[in-house]
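**Student:** I'd like to ask some things about the structure below.
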Ligand code: NAD
Ligand code: UDP
């Protein structure tokens, strides 16, 4: 296949480029670098099967030649208010990437009769009242809260994707991605894993927002990319949760990272840094992915953190 990947210079997008190239496909990567980094693609310079186009997906997209698949991953993805890369500080760009960017990428898929895969998110469930979250849960979302620029854009993106599927018969897929971490996350995007690992490597206390009893379920990037690839080559048109079903409190995550990095500086709590829309619990029910994609994650949190730490050591000049 010749595959267009938007958000290619980001964390997930760049790993997807690598996986698709390894599988023998040709890849066209597209990005405007708003939260991504050209270093994530530097190793692909000179690769005959890779073409990069610098472009904002909110504007009309032109790709020379035909494409067989479109993976729409372009969007700011961090909720952290303290980071300039957080979507709360890029509200219009985030809504445009989710709305106009999805429209443009669906359009290019339709023009090429290509399959389409949307990077959706567990955030479409909001601060969920059902636990764990199954795909049939409609969510508990504040339409005007600070996170709404991301949550509602992704909900619109899902609706538009299903409209193209139902009305135009487009061959679409929707991945509801839960918290994923690994090398190439932006060190300054403020998400919890890069924050904690860099604090631990600097021998500083880890900044736990709120009381730390809020939970997430962390998936290592290689497992996530494998789930997305399986979805791409499947015939699964309904949304599908992809994530690790093992739930961890943020407090326990801090203890694990301090222990694995031998950081004795402990934890510091910031009660006010935890916003009201910060979900209390998040864990995917992955029965659909298990049954329909024959997929489940294999990499434990401890192993994933150990695989991720050297990347941040390099970024901090500590390698
Ligand atoms: P990221 O910030 O590392 O990557 C996003 C990439 O999209 C960046 O390279 C950025 O420059 C690019 N981009 C943003 N707006 C663009 C635009 N208008 N035009 C072109 N490029 C644009 O984030 P990520 O974690 O790799 O997330 C990738 C996708 O996966 C996002 O759509 C996000 O919503 C989704 N997702 C990620 C997670 C996660 O835990 N990492 C969880 C749920 C969903
Ligand atoms: N968090 C934290 N300290 C940090 C960064 C994040 O305690 O330095 C918390 C945050 O409040 C949230 C959880 O960690 O409850 C996960 O945050 P992240 O930004 O990674 O993404 P989210 O899952 O909220 O989209």
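In our numbering, the protein residues as written are 4 to 322. Quick reminder that beta carbons are idealized off the backbone N, C-alpha and C, glycines included. In this text the structure is predicted, and so the values were computed from the model without any measurement.
1. Just the C-alpha distance for residue 142 and residue 321, rounded to the nearest angstrom, thanks.
2. Helix, strand or coil: how does DSSP classify residue 107 here?
3. From what residue to what residue does the beta strand (DSSP E) around residue 33 run?
4. How far does the alpha helix (DSSP H) with residue 93 in it reach, from first residue to last?
5. Have a look at residue 39 and residue 21 and give me their C-alpha separation to the nearest angstrom.
6. What are the residues that DSSP puts in a beta bridge with residue 40?
7. Should residue 87 be counted as a contact of the ligand NAD given a C-beta to heavy atom distance under 7 Å?
8. In chain order, what residues of the same chain lie with their CB nearer than 6 Å to the CB of residue 273, ignoring the 5 residues before and after it?
9. Of the choices 240, 128, 208, whose alpha-carbon is the least far from that of residue 172?
10. Compare the C-alpha of residue 134 against each of 202, 195, 286 and name the closest.
11. How many angstroms separate the CA atom of residue 294 from the CA atom of residue 244?
12. Excluding the five sequence neighbours on either side, which residues of its own chain have a C-beta within less than 6 Å of the C-beta of residue 53, listed in chain order?
13. Is residue 19 helix, strand or coil when you go by DSSP?
14. With a threshold of 6 Å on Cβ separation, who are the neighbours of residue 233 within its own chain once the five nearest residues in sequence on each side are excluded?
**Tutor:** Looking at the coordinates:
1. By 1-based counting over the chain shown, the position of residue 142 is 139. By 1-based counting over the chain shown, the position of residue 321 is 318. The alpha-carbon atoms of residue 142 and residue 321 are separated by roughly 42 Å.
2. As a first step, residue 107 must be located in the chain shown, where it is residue number 104. Helix, per DSSP.
3. Counting from 1 along the chain shown, the entry for residue 33 is found at position 30. Here the beta strand (DSSP E) through residue 33 covers 29-34.
4. On the chain shown, residue 93 is found 90 positions in, with the first residue counted as 1. Here residue 93 belongs to no alpha helix (DSSP H), and DSSP marks it neither H nor E.
5. Against the chain shown, residue 39 aligns to sequence position 36. Against the chain shown, residue 21 aligns to sequence position 18. Separation of residue 39 and residue 21 (C-alpha to C-alpha, rounded to the nearest whole angstrom) is 16 Å.
6. As a working mapping, residue 40 is identified with position 37 in the chain shown. In DSSP, residue 40 forms no bridge with anything.
7. For the purposes of this step, residue 87 is taken as residue 84 along the chain shown, with counting starting at 1. No, the ligand NAD has no heavy atom inside 7 Å of this Cβ.
8. Here the question's residue 273 lines up with position 270 in the chain shown. Contacts found: 210, 212.
9. Numbered from its first residue, the chain shown carries residue 172 at position 169. Nearest C-alpha to residue 172: 240.
10. Position 131 of the chain shown holds residue 134. Of 202, 195, 286, the residue nearest in Cα terms is 286.
11. By 1-based counting over the chain shown, the position of residue 294 is 291. By 1-based counting over the chain shown, the position of residue 244 is 241. If I take the Cα positions, the gap works out to 12 Å.
12. Along the chain shown, one-based indexing puts residue 53 at 50. In chain order, 30, 47 place their CB closer than 6 Å to the CB of residue 53, counting only its own chain and leaving out the 5 sequence neighbours on each side.
13. Sequence index remark: in the chain shown, residue 19 carries index 16 (1-based). Correct three-state label for residue 19: helix.
14. Position 230 of the chain shown, counted from the first residue, corresponds to residue 233. Excluding sequence neighbours, residue 233 sits near 296, 298.
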